Amino acid sequence: MNATSSPIDPVNTTGGAVSGIPHPHGTAYLSIPFAAPPVGANRFLAPQPHAPWSGVRTCDSYGATPQRRPFGAVTTIPEPSIPGDDTLSLSVFTPAAGEPDAGLPVLVWIHGGGYFAGSPASPWYDGRSFARDGVVTVVISYRLGFDGFGWIDGAPLNRGVLDQIAALEWVRDNISGFGGDPARVTIAGQSAGGGSVLTLLASPAAEGLFSAAISHSGAVGSLAAPEAEAIGRRFAEKLGIEPTLAGWRSVDETRILDSQDEFNQIPDAAGWTSTPAELIAAVRAHPIESMGLAFAPVIDEQTVRAPSKTIAGGQSAHIPLLLGAARDEFTFEIPGSATLETAIADLTRAGIGENEIAQYRQEVERIGSQFATSQLVSEHMFRAPAAAIASLRAAHGAGERTWLYDFAHPSAVSGLASHCHELPFAWDLLDAEGVSDVLGDAPQTLANEVHAVWVRFITHGTTEWAPVADHVAGARVFGADGGYDRNAYAFERALGRYSINS
Numbered sequence: 023m024n025a026t027s028s029p030i031d032p033v034n035t036t037g038g039a040v041s042g043i044p045h046p047h048g049t050a051y052l053s054i055p056f057a058a059p060p061v062g063a064n065r066f067l068a069p070q071p072h073a074p075w076s077g078v079r080t081c082d083s084y085g086a087t088p089q090r091r092p093f094g095a096v097t098t099i100p101e102p103s104i105p106g107d108d109t110l111s112l113s114v115f116t117p118a119a120g121e122p123d124a125g126l127p128v129l130v131w132i133h134g135g136g137y138f139a140g141s142p143a144s145p146w147y148d149g150r151s152f153a154r155d156g157v158v159t160v161v162i163s164y165r166l167g168f169d170g171f172g173w174i175d176g177a178p179l180n181r182g183v184l185d186q187i188a189a190l191e192w193v194r195d196n197i198s199g200f201g202g203d204p205a206r207v208t209i210a211g212q213s214a215g216g217g218s219v220l221t222l223l224a225s226p227a228a229e230g231l232f233s234a235a236i237s238h239s240g241a242v243g244s245l246a247a248p249e250a251e252a253i254g255r256r257f258a259e260k261l262g263i264e265p266t267l268a269g270w271r272s273v274d275e276t277r278i279l280d281s282q283d284e285f286n287q288i289p290d291a292a293g294w295t296s297t298p299a300e301l302i303a304a305v306r307a308h309p310i311e312s313m314g315l316a317f318a319p320v321i322d323e324q325t326v327r328a329p330s331k332t333i334a335g336g337q338s339a340h341i342p343l344l345l346g347a348a349r350d351e352f353t354f355e356i357p358g359s360a361t362l363e364t365a366i367a368d369l370t371r372a373g374i375g376e377n378e379i380a381q382y383r384q385e386v387e388r389i390g391s392q393f394a395t396s397q398l399v400s401e402h403m404f405r406a407p408a409a410a411i412a413s414l415r416a417a418h419g420a421g422e423r424t425w426l427y428d429f430a431h432p433s434a435v436s437g438l439a440s441h442c443h444e445l446p447f448a449w450d451l452l453d454a455e456g457v458s459d460v461l462g463d464a465p466q467t468l469a470n471e472v473h474a475v476w477v478r479f480i481t482h483g484t485t486e487w488a489p490v491a492d493h494v495a496g497a498r499v500f501g502a503d504g505g506y507d508r509n510a511y512a513f514e515r516a517l518g519r520y521s522i523n524s
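So this note's numbering is basically just the index in the sequence shown, starting at one, shifted up by 22.
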């Protein structure tokens, strides 16, 4: 179906009938509620069932978003904030609306944004290219910041994760009406969304709700429950309230957001001037806090377990996993930071091998010695976790179902392959709003290549290159010289094995 085709009959869901709008290569249903508005009596609770509606609900435009303010400095992605209460919703892009027997594979997308920002209404998450290639796409929302992840005495932890699980349950119960197969669901996300994917792989409550997973730049970091409680108590004390459900409900949303900003401070050049050894030690000891994030998934052993321990236990060994990161991620110039030689000296003292250090040196010399410190921290935050997860899965019987990629195409604007840059290629949306501002004149041939990998993985649960069982540090490289590099993550794998001490 194309954008000028006749209207599609409404689709019945557990909440009621919905109508969509013609969209390139199919139909789009925008902002279908999967849970009740998390306000009033539902505020700070687990997601509650949405009241059924009568008649046909028109889903032809994006509704309210959990992101309440614009956060343009957090990501390079245009991510609109839309006011309103009905924030727990999802959008479906399908080439087979109203065809319950179509049995198409399903992609469920979880946006990033540091667990406090991001929007499911971004033009970078339009599912038209996947619809063209026979995939049903679902883009979900979840509560953010303190609302989704803050500790409250008497309220459930991990409300944002519970929202993601509720959305997956909606997909299980309803996606067949949109032409999707509930037994062929791939969850995918980038940054905090990629971290959410790894969290869901380790969540007993999410077991059985998806059959494959893709994690882009997924930082492996969760808060321990005592840490989350300490932050919650400090936050309540700052606002002069009791840290209880009643106390928090007495504070309006605006005041919480204003104060939350003081707890969430994304590091910038002024904040990363320590030595490489000190920075890596901080990242290793407190991965979430070192990224300036006070609110993130909390290990409660019920909804959320530590991904590394769960992988070692084999819980998700049967789930095919595609994961990786951009070559440069959060790399930026830090005035007055350590030199390349200082960083290499720290790595040598830590016991990192000469071959792995040579790989790091090559990367820094490629982009400039002014990036030596931030490149090292970036490697540890985003690339080393991917290598570590792959190694763990290989060590515990899941290597044949694990594949690594390495996004290495430099932007024509910055000269770097940075955080978020791979998304327009994966979604085959180089013409989307804001893409040319970030990437310049990006090659369509690379978008065809990366997008085809996603479609194949979502459809068949495999890729055309070797799994990590064969070469644990190897990965498929997108951009640069391309092809398969069996040592793509050798430095990151070594970095993850050693503590760095000055």
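Even glycine gets a Cβ: it sits at the ideal position worked out from N, Cα and C. Treat the numbers as computed from the prediction; the structure is a model and nothing was measured.
Exercise. Determine the direct distance from the alpha carbon of V386 to that of C442, and round the result to whole angstroms.
Key: In the sequence shown, residue 442 corresponds to position 420, counting from 1. In the sequence shown, residue 386 corresponds to position 364, counting from 1. Approximately 20 Å, taken between the alpha carbons.
Practice problem: Alpha carbon to alpha carbon, how far is D185 from P71? Give it in angstroms, no decimals. | Solution: The residue you call residue 71 lines up with position 49 of the sequence shown. The residue you call residue 185 lines up with position 163 of the sequence shown. Spanning the two alpha carbons is a distance of roughly 11 Å.
Practice problem: Enumerate, from N- to C-terminal direction, the unbroken alpha helix (DSSP H) stretches of 4 or more residues contained entirely within the region 107-162. | Solution: 150-154
Quiz item: Given a threshold of 16 other Cβ atoms within 10 Å of its Cβ, counted over all protein chains shown, does T80 qualify as buried or as exposed?
Solution: Reading the sequence shown from its first residue, position 58 is the one you call residue 80. Counting Cβ neighbours within 10 Å, T80 comes out exposed, since fewer than 16 surround it.
Exercise. Could you check which residue in L126, D368 and V33 has the C-alpha nearest to that of H482?
Key: In the sequence shown, counting from the first residue as 1, residue 482 sits at position 460. Comparing Cα-Cα distances from H482 to each of L126, D368 and V33, the minimum goes to L126.
Exercise. Counting only runs of 3+ residues fully inside the region 201-262, write out the beta strand (DSSP E) ranges in chain order.
Key: 202-212 and 234-238
Exercise. Kindly list the residues whose CB is nearer than 6 Å to the CB of F115, restricted to its own chain and excluding five residues on each side of it in sequence; keep chain order.
Key: Stepping through the sequence shown from its first residue, residue 115 is reached at position 93. Answer for F115: A50, G149, A153 and T159, listed in chain order.
Practice problem: Count the other C-beta atoms from every protein chain shown that fall within 10 angstroms of the C-beta of P88, then say buried if there are 16 or more, exposed otherwise. | Solution: Locating residue 88 in the sequence shown gives position 66, counting from the first residue. Buried, by the Cβ-count rule.
Quiz item: Going by DSSP, what residues sit across from N470 in a beta bridge?
Solution: Within the sequence shown, residue 470 is the residue found at index 448, counting from 1. The partner list for N470 (beta bridge, DSSP) is empty, contrary to what the question assumes.
Quiz item: Is S27 helix, strand or coil when you go by DSSP?
Solution: Here residue 27 is taken as the residue at index 5 of the sequence shown, counted from 1. Caution is warranted here: a pLDDT of 43 is assigned to S27, below 50, making its placement in the model unreliable, and the coordinate value is therefore given only provisionally. Note: S27 maps to coil in three-state DSSP.
Quiz item: Can you name the start and end residues of the alpha helix (DSSP H) that P407 belongs to?
Solution: Start at 1 with the first residue of the sequence shown, and residue 407 comes out as number 385. Per DSSP, P407 belongs to the alpha helix (DSSP H) from A406 to A417.
Self-check item: Which listed residue (A258, L245 and D274) has its alpha carbon closest to that of D322
Solution: Sequence index remark: in the sequence shown, residue 322 carries index 300 (1-based). Here the closest residue by C-alpha is L245.
Self-check item: Collapsed DSSP secondary structure at W476 in the structure displayed
Solution: Here the question's residue 476 lines up with position 454 in the sequence shown. Helix.
Self-check item: Collapsed DSSP secondary structure at A39 in the structure displayed
Solution: Here the question's residue 39 lines up with position 17 in the sequence shown. The answer is strand: DSSP assigns A39 an E or B state.
Exercise. For A86, name the three-state secondary structure that DSSP assigns.
Key: In the sequence shown, counting from the first residue as 1, residue 86 sits at position 64. Reduced to three states, the DSSP call for A86 is coil.
Quiz item: Nearest to F352 by alpha carbon, out of A412, G136 and Y147?
Solution: In the sequence shown, residue 352 corresponds to position 330, counting from 1. Ranking the options by Cα distance to F352, first place goes to G136.
Quiz item: Of the residues T35, A318 and W270, which one's Cα is nearest the Cα of G167?
Solution: As a position in the sequence shown, residue 167 is number 145, starting the count at 1. The shortest Cα separation from G167 among T35, A318 and W270 belongs to A318.
Quiz item: Straight-line CA distance for A291 to A434?
Solution: The sequence position of residue 291 within the sequence shown is 269, counting from 1. The sequence position of residue 434 within the sequence shown is 412, counting from 1. With a pLDDT of only 41 at A291, under 50, the local geometry of the prediction cannot be trusted, and the value read off the model is given with reservation. Going by the C-alpha atoms only, they are around 23 Å apart.
Quiz item: When the Cα of A491 is compared with those of L414, P407 and V33, which residue comes out closest?
Solution: By one-based count along the sequence shown, residue 491 stands at place 469. Here the closest residue by C-alpha is L414.
Practice problem: Provide the residue(s) that pair with H45 in DSSP beta bridges, ordered along the chain. | Solution: Within the sequence shown, the letter at position 23 stands for residue 45. In DSSP, H45 forms a bridge with G48.
Practice problem: Would you mind sorting R327 into buried or exposed? The rule is 16 or more other CB atoms within 10 Å of its CB. | Solution: For this step, residue 327 is matched to residue 305 along the sequence shown. R327 is buried by the Cβ-count criterion.
Quiz item: Looking only at its own chain, which residues have a Cβ that is under 6 Å from the Cβ of G176, when we skip the five neighbours before and after it?
Solution: Stepping through the sequence shown from its first residue, residue 176 is reached at position 154. Closer than 6 Å at Cβ, skipping near neighbours: T266 and L267.
Self-check item: Y511 versus F404: straight-line alpha-carbon distance, rounded
Solution: Locating residue 511 in the sequence shown gives position 489, where the first residue counts as 1. Locating residue 404 in the sequence shown gives position 382, where the first residue counts as 1. So the two alpha carbons sit approximately 11 Å from each other.
Practice problem: Starting from F500, follow the beta strand (DSSP E) in both directions and report where the run begins and ends. | Solution: Stepping through the sequence shown from its first residue, residue 500 is reached at position 478. Taken as a continuous stretch (DSSP letters only), the beta strand (DSSP E) holding F500 covers A497 to F500.
Quiz item: Would you report the Cα separation of W294 and I374, rounded to the nearest angstrom?
Solution: Locating residue 294 in the sequence shown gives position 272, counting from the first residue. Locating residue 374 in the sequence shown gives position 352, counting from the first residue. Note that W294 has pLDDT 47, beneath the 50 cutoff, so the model's placement of it is unreliable and no number is given.
Quiz prompt | Chain-order list of residues whose beta-carbon lies under 8 Å from that of V457 (same chain, five-residue window excluded) | solution = As a first step, residue 457 must be located in the sequence shown, where it is residue number 435. These residues qualify, in order along the chain: W146, P446, L451 and A464.
Self-check item: Inter-residue spacing [alpha-carbon to alpha-carbon] between G211 and L220
Solution: As a working mapping, residue 211 is identified with position 189 in the sequence shown. As a working mapping, residue 220 is identified with position 198 in the sequence shown. If you take the alpha carbons of G211 and L220, they lie about 9 Å apart.
Self-check item: Nearest-angstrom beta carbon gap, P74 and G37 [assumed within contact, 8 Å]
Solution: Mapped onto the sequence shown, residue 37 falls at position 15. Mapped onto the sequence shown, residue 74 falls at position 52. The pair is a contact, with the Cβ atoms about 5 Å apart (cut-off 8 Å).
Quiz item: Looking at S330 and L223, is the spacing between their C-beta atoms short of 8 Å?
Solution: Within the sequence shown, residue 223 is the residue found at index 201, counting from 1. Within the sequence shown, residue 330 is the residue found at index 308, counting from 1. No, they are not a contact pair.
Quiz prompt | Other residues of its chain near R508: CB distance less than 6 Å, five sequence neighbours each side excluded | solution = Here residue 508 corresponds to residue number 486 of the sequence shown, with the count starting at 1. H493 and G496.
Quiz prompt | For T295, three-class secondary structure by DSSP | solution = Counted from its first residue, the sequence shown places residue 295 at position 273. Here the model assigns T295 a pLDDT of 48, short of 50, so the residue's position is not dependable, and the following value carries that caveat. Correct three-state label for T295: coil.
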